[in-house]
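Chemist: Just passing along the structure, written as structure tokens.
Protein chains: 2
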Amino acid sequence: MRAGVFDSGIGGLTVVKSLLEHKLFEEIIYYGDTARVPYGGKDKNTIIRYGIEAVEFFKNFEIDLLIVACNSVSAFALEEMQEVADYPVVGVVEAGVLATANKIKNKDSSILVIGTKATVASNAYDTGLKKRGYKNILSLPTPLFVPLVEEDIFEGEVLESVMRHYFKDISTPDAVILGCTHFPLIASSIGGYFENSPLLVHSGEAIVAQLESHLELSKRFETTKMHFFASDNPAFLKRVAQRWLSEQ
Amino acid sequence: MRAGVFDSGIGGLTVVKSLLEHKLFEEIIYYGDTARVPYGGKDKNTIIRYGIEAVEFFKNFEIDLLIVACNSVSAFALEEMQEVADYPVVGVVEAGVLATANKIKNKDSSILVIGTKATVASNAYDTGLKKRGYKNILSLPTPLFVPLVEEDIFEGEVLESVMRHYFKDISTPDAVILGCTHFPLIASSIGGYFENSPLLVHSGEAIVAQLESHLELSKRFETTKMHFFASDNPAFLKRVAQRWLSEQ
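Listed in order, the protein sequences are those of chains A and B. Numbering-wise (numbering that gives the first Met the number 0), the first sequence opens with residue 0 and increments by one. Numbering-wise (numbering that gives the first Met the number 0), the second sequence opens with residue 0 and increments by one.
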């Protein structure tokens with residue numbers, strides 16, 4: 000099995016990390032649109048256009064499946080990408096909703112969704128969760144977490160002050176959906192901020208669960224061949240990949 | 000006189016504000032490449048390509064002069080843009096160096112340059128200042144200030160913690176070059192952080208001084224007709240323009 004992974008930049012590497020840990024693919028082709036990152040503040044139509052262009056990019060490779068690791072693209076452009084691709088295209092938003100529903104059985108549980116402005120504005124998580132009967136959902140754009148992670152700030156004073164900025168009026172939820180691929184890198188800080196350890200829903204783990212149960216991927220590959228492409232500065236992507244993917 | 004103002008996004012509006020205050024132009028056409036913002040973490044070659052594409056964009060308008068409001072583009076792509084344009088192209092880096100040299104006469108003065116990663120990596124300010132005999136220059140990438148400004152955080156706890164993060168080991172300089180068009184919006188917080196009120200060099204004021212003295216623009220126009228274009232979400236650009244430009 001050869002999978003394509005598309006992200007607006009480097010954040011999708013957290014999804015790749017989960018895929019590698021579960022040994023799901025023989026080969027993974029990663030494409031980060033680093034020349035136009037971030038997507039999270041951009042317009043719906045622009046994001047759809049960029050998503051379709053990503054499908055174009057993967058035409059050069061014979062992939063069996065495309066994983067959209069970027070929450071903003073998954074939220075806005077998944078259907079449009081599915082229409083132009085001749086293989087399955089799966090996105091992290093649907094996977095995150097399924098993962099939440101699998102773990103949180105009480106429909107009155109409070110669920111906090113955090114993500115970029117675009118992802119939150121799309122209401123994609125809200126819509127998916129409400130369809131499954133959840134009523135108590137709060138969606139909050141937390142765009143500053145993205146540049147913090149890109150600056151390798153995973154804990155400490157700056158992150159604490161930004162968390163207070165966003166979360167100061169919020170009581171501890173039962174679950175937090177980390178609706179941006181950057182956020183798993185600050186998951187332990189986010190978890191530590193709230194009392195009573197809320198469930199943290201991670202896009203990478205959610206995609207793995209979806210692939211295993213819905214697409215019935217059960218074969219395991221001892222090694223995965225990785226290929227990295229970026230629309231800008233591929234050397235930087237490779238450096239970050241080396242760092243993030245090696246920290247098991 | 001009809002000027003084009005090019006920026007990677009909305010930051011160049013701080014330059015427009017200075018141009019409007021000094022009534023230098025009859026008409027200003029602003030183009031923000033919001034579909035690909037920010038440029039500050041991108042590669043030199045990508046920034047040059049985007050700069051040349053901006054000159055292409057302005058072919059639709061008969062401009063007399065193009066002002067590159069983005070420090071990263073000014074630092075990397077100014078010569079390449081000048082080669083393809085048939086009108087003068089001026090950039091904020093050269094203007095900032097000139098403005099500093101006009102105000103700081105002691106060549107031993109300590110000068111702190113802050114900007115995006117790309118601007119700092121270009122060494123454009125350092126090179127310009129060293130040519131004029133300054134020896135004591137510290138250039139520091141401060142990329143987190145950009146998303147803070149874009150979140151309307153101009154003061155307060157989050158900004159203070161980010162300033163401590165960047166400046167904690169730095170003694171008060173004689174001048175701070177605000178080497179990113181977003182930074183004038185947090186100038187008073189940056190000035191307040193350091194003791195002894197260092198000189199703050201602002202790209203917009205620097206460009207006005209350069210236009211007045213070097214290009215000998217002396218005519219004044221009572222009103223300036225503004226046109227705004229953006230490669231993504233022009234409505235957002237117009238909203239920000241309305242807010243930033245109205246606060247006199």
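Note that CB positions come from ideal geometry on N, CA and C, so glycine has one too. Since the structure is predicted, the reported quantities are computational estimates derived from the model, not experimental observations.
Can you list, in chain order, the residues of the stretch 42-60 of chain A whose Cβ is nearer than 7 Å to any Cβ on chain B?
Modeler: So the list reads Asp42 and Thr45, given in the order they occur along the chain.
Chemist: What separation, rounded to the nearest whole angstrom, lies between the Cα atoms of Ser71/A and Val92/B?
Modeler: Cα to Cα, the separation comes out at about 34 Å.
Chemist: Residue range of the alpha helix (DSSP H) that Tyr124/A falls in?
Modeler: Here the alpha helix (DSSP H) through Tyr124/A covers Ala123 to Lys130.
Chemist: Leaving out five residues on either side along the sequence, give the residues of the same chain with a beta carbon under 7 Å from the beta carbon of Lys41/A.
Modeler: The answer, listed in chain order, is Ala117.
Chemist: Within 7 Å of any Cβ in chain B, is that where the Cβ of Glu156/A sits?
Modeler: Yes, Glu156/A lies at the interface with chain B (some Cβ there is under 7 Å from its Cβ).
Chemist: Spatial neighbours of Tyr124/A within its chain, please: CB distance less than 7 Å, with the 5 preceding and 5 following residues excluded, ordered by chain position.
Modeler: Answer for Tyr124/A: Val92, Gly95, Val96, Val112, Ser138, Ile176 and Gly178, listed in chain order.
Chemist: For the stretch 105-177 of chain B, list the beta strand (DSSP E) runs that are entirely contained and at least 3 residues long, ordered along the chain.
Modeler: Runs of the beta strand (DSSP E) inside the stretch 105-177 of chain B: 109-114 and 135-140.
Chemist: Can you confirm whether the stretch 20-34 of chain A touches the stretch 210-227 of chain A when touching is taken to mean that 3 or more C-beta pairs between the two stretches lie within less than 8 Å?
Modeler: Counting Cβ pairs under 8 Å, three or more are found: they touch.
Chemist: Quick one: residues in its chain with C-beta nearer than 6 Å to the C-beta of Phe193/B, no 5 flanking neighbours on either side, listed in chain order?
Modeler: Contacts found: Thr171.
Chemist: Between Leu143/A and chain B, is there a C-beta pair that is closer than 7 Å?
Modeler: Yes, its Cβ sits closer than 7 Å to a Cβ of chain B.
Chemist: For a cutoff of 7 Å on Cβ pairs, would you count Pro146/A as touching chain B?
Modeler: Yes, its Cβ sits closer than 7 Å to a Cβ of chain B.
Chemist: Closer than 7 Å by beta-carbon distance: list the chain A residues that pair up with Asp231/B, in chain order.
Modeler: The contacting residues are Lys41, Asp42 and Thr45.
Chemist: With burial defined as no fewer than 16 other Cβ atoms inside 10 Å of the residue's Cβ, what is the status of His201/A: buried or exposed?
Modeler: Per the 10 Å Cβ criterion, buried.
Chemist: Near Ser316/A, what residues of its chain come up, given a Cβ to Cβ distance below 6 Å and the 5 sequence neighbours on each side ignored?
Modeler: A question about residue 316/A goes unanswered here, because the residues of chain A that appear run from 0 up to 247.
Chemist: Among Tyr133/A, Asn135/A and Ala186/A, which one has its Cα closest to the Cα of Glu159/A?
Modeler: The candidate whose alpha carbon is nearest that of Glu159/A is Ala186/A.
Chemist: Can you say whether Ala2/A is buried or exposed, counting buried as having 16 or more other CB atoms within 10 angstroms of its CB?
Modeler: Buried.
Chemist: Could you give the distance in angstroms between the alpha-carbon of Gln247/B and the alpha-carbon of Phe182/B?
Modeler: Residue placement at Gln247/B is flagged as unreliable, the pLDDT there being 47, under the threshold of 50; the coordinate-derived value follows with that caveat. Cα to Cα, Gln247/B sits roughly 17 Å from Phe182/B.
Chemist: With a threshold of 7 Å between beta-carbons, can Val161/B be considered close to chain A, or not?
Modeler: Yes, Val161/B lies at the interface with chain A (some Cβ there is under 7 Å from its Cβ).
Chemist: Could you pull out every residue in the same chain whose Cβ sits closer than 7 Å to the Cβ of Asp231/B, ignoring the five residues on either side in sequence?
Modeler: Cβ neighbours of Asp231/B beyond the five flanking positions: Thr33 and Ala34.
Chemist: Quick one: what's Asp6/A bridged to in DSSP?
Modeler: Its beta-bridge partners are Gly31/A.
Chemist: Would Pro146/A pass as a contact of Leu184/B if the rule is Cβ separation under 7 Å?
Modeler: Cβ distance not < 7 Å, so Pro146/A and Leu184/B don't count as in contact.
Chemist: Tell me which residues share the same chain as Asn105/B and place their Cβ nearer than 8 Å to its Cβ, disregarding the 5 neighbours each side in the sequence.
Modeler: Correct list, in chain order: Asp173.
Chemist: Would you call the stretch 50-68 of chain A in contact with the stretch 4-17 of chain A, where contact means no fewer than 3 C-beta pairs closer than 8 Å?
Modeler: Enough Cβ pairs lie closer than 8 Å, so yes.
Chemist: Is Ala34/A close to chain B, meaning its C-beta is less than 7 Å from at least one C-beta of that chain?
Modeler: By this cut-off, Ala34/A is an interface position.
Chemist: Does any C-beta atom of chain A lie closer than 7 Å to the C-beta of His164/B?
Modeler: Output row for His164/B: interface = yes.
Chemist: Identify whether Glu61/A lies in helix, strand or coil by the three-state DSSP scheme.
Modeler: Coil, per DSSP.
Chemist: Quick one: Cα of Asn59/A to Cα of Val88/A, how far?
Modeler: Distance between the alpha carbons of Asn59/A and Val88/A: 16 Å.
Chemist: Given this structure, state the Cα-to-Cα distance separating Glu154/B from Tyr165/B, to the nearest angstrom.
Modeler: Taking the straight line joining both Cα atoms gives about 15 Å.
Chemist: Would you tell me roughly how many angstroms separate the C-alpha atoms of Arg238/B and Thr141/A, rounded to the nearest one?
Modeler: Rounded to the nearest angstrom, the two C-alpha atoms are 21 Å apart.
Chemist: State the Cα-Cα distance for the pair Lys134/A and Asp107/A, rounded to the nearest angstrom.
Modeler: Roughly 6 Å separates the two Cα atoms.
Chemist: Going by the beta-carbon positions, is the gap between Thr180/A and Thr13/A smaller than 7 Å?
Modeler: Yes, the Cβ-Cβ distance between Thr180/A and Thr13/A is below 7 Å.
Chemist: Would you mind giving the Cβ-Cβ distance between Leu216/B and Met80/B, rounded to the nearest angstrom? I have them listed as a contact below 8 Å.
Modeler: Going by Cβ atoms, the distance from Leu216/B to Met80/B rounds to 20 Å, so no, they are not a contact pair.
Chemist: Go through its chain and collect everything with a Cβ distance to Val161/A's Cβ below 6 Å, but skip five positions before and after it.
Modeler: Leu143.
Chemist: Please list the partners that Glu78/A has in chain B, where partner means a Cβ-to-Cβ separation under 9 Å.
Modeler: Going along chain B, no residue has its Cβ under 9 Å from Glu78/A, so there is no contact; the nearest lies around 21 Å.
Chemist: Identify whether Phe228/A lies in helix, strand or coil by the three-state DSSP scheme.
Modeler: In the structure shown, Phe228/A sits in a strand (DSSP, three-state: E or B).
Chemist: Determine the contact status of Ile103/B and Phe75/B, defining contact as a CB-CB distance below 7 Å.
Modeler: Taking 7 Å as the Cβ cut-off, Ile103/B and Phe75/B do not qualify as a contacting pair.
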